[in-house]
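Asks:
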Amino acid sequence: MSSALDQNPGGSSLGPTGATSPRAPSPSSRPRATGPKDQPHPQAPPQQQSKVWAVSWSLATMVAVALLAVAWNILAGTDILTTATKCTAAGATKRAVLACSQLKAALPDIVTLPAQVQQYDDLRDDNWSHTTWQRPACITAPTRSDHVSALVKKLVKANVPFAIRSGGHSPNPGDASIGSNGVLLSLHALNAITYDAATGLVSIGPGARWGAVYDELDKYNLTAVGGRVMDVGVGGLSLGGGLSYLSDLHGFVCDNVVSYEVVLADGRVVEASADSHSDLFWALKGGSNNFGIVTRFKIRTYPSPPVWGGIQVFTADQTPALMHALYQYQTTPNKDPAANLIINLIPTNKHLLLTLVYLKPAAARPAVFAPFSALTPIFEQTGPSTLHALMAAFPPANQPRWTWYVRSLRPDAALYADVSAVLAGDAPEVAAVRGLQAGSLVAAVQPVGASAVLAGRGGQGGGGGNALGLEAVNQTWFSVSAAWWRAEDDARVDRAVRAVHDKIGELVRRRGTGLEYVFMNDANAKQDVIKGYGRENVGRLWLVAKRYDPAGVFQRLVPGGQKLPRGW
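Residue numbering for the sequence shown follows full-length UniProt numbering, beginning at 1 and increasing consecutively.
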């Protein structure tokens, strides 16, 4: 993608929907959470010492010796394989270091080596979650599409892996980072934002943040179907599908892209649109980083009218009532597509956060939110505002480490009641996270209307539809996330979050309300996202990949992000 998954849409600082402040001019000036920078390297277990026993040469002893010989050969073979693996890894790192020295000589202004300690660390650590921090052989910061073209050609020729980062708003290691055997292409300097009044389109570099996009569009009283978190990068969100407060009206973020400037695996730069390279245009609408590196998006804009919205905070004992109100809201006939909401269930601190957004002027709570009127919040801040002001109002999330999983499902009252029990404050998984330094477990409940899916099928972004394979039904994207402080707690947190995700999955299976689609921008690296697009769409994606990348560069040399599933 123009970047691997950058995460995420969202509207609260308390989960995958958490907001952070708009993009600073340079990575080094961007505030970050403090905490342990690097995960400790696990030490190898001590080598077992062989022992010698005195034996008598009986038949049993001979059989035992023969078995020991077989075992020794197996162990020796394992040792040889381990050595070979180490040699292969060392060779890959050496190859990457050599490629970096050549890149530095050819493009000195955009290549940063580890020896440039401060600049390298600032660039390396620009990823949102510390779980993704790695040490690439070098970091490149192209400022033009021809830079990207030159980098791709040199890396492919040298057979060196690389990662692509737009905003880096993903907690998955490898999505937008890579280790010492590869090169990081940071697209943060490709961040130009230009509005064309004649066409109504805004041209955006993949390194721009949505907050900066909205700031520019405010000059014209316009908005775009973009991220709900100001600090999210344009590239990853757009290529993963992207959910917006405007989606029920105008489709997903990808549906509103009119054209892509793309650097292909052979270094060619092409423009993909409904009229040119239309198959690639379709594939990029949810296809992630599997086809090329997007260096420019052209996106539709819309008027930005006054809105009504804000937040309400509830105590955890109101979870069943809040989830039942959500069911009523989702199943109301002819639901107003101007209405949006997100629920963050936060069992670790025993609170619930309801974010409401209504995309029309209103002096008081719109009738579409009536199902929530019976609940009594302990805090409320709602009223007339602007969309961009509402999104900018959320404070940054300051925990350094994050993970998440997501699933999609149909609204179901009984299921929602059962989910409330899974997320009770005394659940063992909740307790496991609560007991950690800065530990927080959050379930983000994101309703998506059938109108959003239908808008995408209609090709809002200039024709062609998208690759997501979504069913045109009202649905819920249910994301379970956690934040914490220390690297040594990574495995414990992942087990807890995965356990909650799996328990909810079992409830969904029993109720028969599950959907195949997995929202890429909130997905864990362990989830097979693109498989959920359906057999037909996956087959089409492979055809596009083979046409534009016959050597499989973006499958082989870009290991991070969601790859096309094999065996299709």
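Yeah, the Cβ is synthetic: ideal placement off N, Cα and C, and Gly gets one too.
Computed from a predicted model, the values in this text were never measured in an experiment.
Hey, which unbroken runs of the beta strand (DSSP E) at 3 residues or more fall wholly within the region 188 to 245?
Replies: Segments of the beta strand (DSSP E) lying fully in the region 188 to 245: 193 to 196 and 201 to 204.
Asks: Suppose the cutoff is 7 Å on Cβ atoms and the five residues either side in sequence are ignored; what does the same chain contact list for residue 367 look like?
Replies: Here residue 367 is taken as the residue at index 367 of the sequence shown, counted from 1. Same-chain partners within the cutoff: there are none.
Asks: Of the choices 277, 482, 202 and 345, whose alpha-carbon is the least far from that of residue 298?
Replies: Sequence index remark: in the sequence shown, residue 298 carries index 298 (1-based). Residue 298 has its Cα closest to that of 202, out of 277, 482, 202 and 345.
Asks: Could you check where the alpha helix (DSSP H) with residue 488 kicks off and where it finishes?
Replies: Sequence index remark: in the sequence shown, residue 488 carries index 488 (1-based). No alpha helix (DSSP H) contains residue 488, which DSSP labels as neither H nor E.
Asks: Among the candidates 532, 415 and 507, whose CA atom is the shortest distance from the CA of residue 469?
Replies: If you number the sequence shown from 1, residue 469 lands on position 469. Residue 532 is the option with its Cα nearest to residue 469.
Asks: Is the distance from the Cβ of residue 142 to the Cβ of residue 151 below 8 Å?
Replies: Your numbering for residue 142 matches position 142 in the sequence shown. Your numbering for residue 151 matches position 151 in the sequence shown. In this structure, residue 151 lies closer than 8 Å to residue 142 by Cβ.
Asks: Tell me the DSSP secondary structure of residue 110 in three-state form.
Replies: The residue given as residue 110 occupies position 110 in the sequence shown. If DSSP states are grouped into helix, strand and coil, residue 110 belongs with the helices.
Asks: For residue 108, count the other beta carbons within 10 Å of its own beta carbon; 16 or more makes it buried, fewer makes it exposed. Which is it?
Replies: Against the sequence shown, residue 108 aligns to sequence position 108. Residue 108 comes out exposed.
Asks: Just to confirm my understanding: we take residue 305, look at its own chain, exclude 5 residues before and 5 after, and list those with CB closer than 8 Å. What are they?
Replies: Numbered from 1 along the sequence shown, position 305 holds the residue referred to as residue 305. Excluding residues within five positions, the ones whose Cβ falls inside 8 Å are 359, 360 and 361.
Asks: When burial is assigned at 16 or more other CB atoms within 10 Å of the CB, is residue 422 buried or exposed?
Replies: Within the sequence shown, numbered from 1, the residue matching residue 422 stands at position 422. Per the 10 Å Cβ criterion, buried.
Asks: Does the structure place the region 398 to 411 close enough to the region 510 to 523 that three or more beta carbon pairs sit under 8 Å?
Replies: At 8 Å Cβ cutoff, the stretches touch.
Asks: On a Cα-Cα basis, can you pick out the residue from 290, 121 and 206 that is closest to residue 557?
Replies: On the sequence shown, residue 557 is found 557 positions in, with the first residue counted as 1. Answer by Cα proximity: 290.
Asks: For residue 157, which option in 181, 165 and 99 has the closest C-alpha, if you only look at C-alpha atoms?
Replies: Taking the sequence shown and counting its residues from 1, one reaches residue 157 at position 157. Nearest option by C-alpha distance: 99.
Asks: State buried or exposed for residue 328, treating a residue as buried only when at least 16 other CB atoms are found within 10 Å of its CB.
Replies: Along the sequence shown, read from residue 1 onward, the residue named residue 328 stands at position 328. By the 10 Å Cβ count, residue 328 comes out exposed.
Asks: Using DSSP with H/G/I as helix, E/B as strand and the rest coil, what is residue 345?
Replies: As a first step, residue 345 must be located in the sequence shown, where it is residue number 345. Strand, per DSSP.
Asks: Among 164, 147 and 129, which one has its Cα closest to the Cα of residue 136?
Replies: The sequence position of residue 136 within the sequence shown is 136, counting from 1. Comparing Cα-Cα distances from residue 136 to each of 164, 147 and 129, the minimum goes to 164.
Asks: With the cut-off set at 8 Å, would you say residue 226 and residue 308 are in Cβ contact?
Replies: Taking the sequence shown and counting its residues from 1, one reaches residue 226 at position 226. Taking the sequence shown and counting its residues from 1, one reaches residue 308 at position 308. Result no, Cβ atoms of residue 226 and residue 308 do not sit closer than 8 Å.
Asks: Using DSSP with H/G/I as helix, E/B as strand and the rest coil, what is residue 407?
Replies: Your numbering for residue 407 matches position 407 in the sequence shown. Three-state DSSP puts residue 407 in a strand.
Asks: Measuring alpha carbon to alpha carbon, tell me which of 276, 321 and 316 ends up nearest residue 427.
Replies: Locating residue 427 in the sequence shown gives position 427, counting from the first residue. Among 276, 321 and 316, the Cα nearest to that of residue 427 is on 316.
Asks: Leaving aside the five residues before and after residue 47 along the sequence, list all residues of the same chain whose C-beta is less than 7 Å from its C-beta, in chain order.
Replies: Here residue 47 corresponds to residue number 47 of the sequence shown, with the count starting at 1. Bear in mind that a pLDDT of 35 at residue 47, under 50, signals an unreliable position, so the number given afterwards is only what the model happens to contain. Around residue 47: no qualifying Cβ.
Asks: Less than 8 Å separating the beta-carbons of residue 96 and residue 183?
Replies: Walking along the sequence shown from the start, residue 96 turns up at place 96. Walking along the sequence shown from the start, residue 183 turns up at place 183. In contact: residue 96 and residue 183 (Cβ atoms closer than 8 Å).
Asks: Which of the three DSSP states, helix, strand or coil, is assigned to residue 548?
Replies: If you number the sequence shown from 1, residue 548 lands on position 548. In the structure shown, residue 548 sits in a helix (DSSP, three-state: H, G or I).
Asks: Can you say whether residue 429 is buried or exposed, counting buried as having 16 or more other CB atoms within 10 angstroms of its CB?
Replies: Here residue 429 is taken as the residue at index 429 of the sequence shown, counted from 1. When all chains shown are included, residue 429 counts as buried.
Asks: With a cut-off of 8 Å on the beta carbons, I'd call residue 433 and residue 493 a contact; round off their distance for me.
Replies: Start at 1 with the first residue of the sequence shown, and residue 433 comes out as number 433. Start at 1 with the first residue of the sequence shown, and residue 493 comes out as number 493. Contact flag correct, Cβ pair sits at about 6 Å.
Asks: In terms of alpha-carbon separation, which member of 344, 340 and 303 lies closest to residue 318?
Replies: On the sequence shown, residue 318 is found 318 positions in, with the first residue counted as 1. Ranking the options by Cα distance to residue 318, first place goes to 344.
Asks: So residue 220 packs on residue 260, CB below 8 Å; how close in whole Å?
Replies: Numbered from 1 along the sequence shown, position 220 holds the residue referred to as residue 220. Numbered from 1 along the sequence shown, position 260 holds the residue referred to as residue 260. Going by Cβ atoms, the distance from residue 220 to residue 260 rounds to 23 Å, so no, they are not a contact pair.
Asks: Tell me, to the nearest whole angstrom, how far the beta carbon of residue 340 is from that of residue 248; I am working on the premise that it is less than 8 Å.
Replies: By one-based count along the sequence shown, residue 340 stands at place 340. By one-based count along the sequence shown, residue 248 stands at place 248. That belief holds up - the Cβ atoms of residue 340 and residue 248 are roughly 7 Å apart, short of 8 Å.
Asks: Between which two residues does the beta strand (DSSP E) harbouring residue 519 extend?
Replies: Looking up residue 519 in the sequence shown gives position 519. Residue 519 -> no beta strand (DSSP E), and no H or E assigned at all.
Asks: Secondary structure at residue 300, three-state DSSP: helix, strand or coil?
Replies: For the purposes of this step, residue 300 is taken as residue 300 along the sequence shown, with counting starting at 1. The answer is strand: DSSP assigns residue 300 an E or B state.
Asks: My output table needs one value for residue 128: the three-state DSSP class, helix, strand or coil.
Replies: Here residue 128 corresponds to residue number 128 of the sequence shown, with the count starting at 1. Residue state, collapsed to three classes: coil.
Asks: Cβ atoms of residue 294 and residue 235: under 8 Å apart, would you say?
Replies: In the sequence shown, the residue the question calls residue 235 occupies position 235. In the sequence shown, the residue the question calls residue 294 occupies position 294. It is a contact, given that the beta carbons lie within the stated cut-off.
Asks: Along the chain, where does the beta strand (DSSP E) that runs through residue 446 open and close?
Replies: Numbered from its first residue, the sequence shown carries residue 446 at position 446. Run containing residue 446: 440 to 448, per the beta strand (DSSP E) assignment.
Asks: Could you give the distance in angstroms between the alpha-carbon of residue 257 and the alpha-carbon of residue 435?
Replies: Start at 1 with the first residue of the sequence shown, and residue 257 comes out as number 257. Start at 1 with the first residue of the sequence shown, and residue 435 comes out as number 435. In a straight line, the C-alpha of residue 257 is about 44 Å away from that of residue 435.
Asks: Could you check whether residue 251 and residue 455 sit closer than 8 Å to each other, using their CB atoms as the reference points?
Replies: Within the sequence shown, numbered from 1, the residue matching residue 455 stands at position 455. Within the sequence shown, numbered from 1, the residue matching residue 251 stands at position 251. Yes, these two residues count as a Cβ contact at 8 Å.
Asks: Could you have a look at residue 133 and say whether DSSP puts it in helix, strand or coil?
Replies: To locate residue 133, count along the sequence shown from 1; it is residue 133. Three-state DSSP puts residue 133 in coil, outside helix and strand.
Asks: If you reduce the DSSP assignment to three classes, tell me which class residue 22 lands in.
Replies: Along the sequence shown, read from residue 1 onward, the residue named residue 22 stands at position 22. Only weak support exists for where residue 22 lies, its pLDDT of 33 falling under 50; the coordinates are left without a value.
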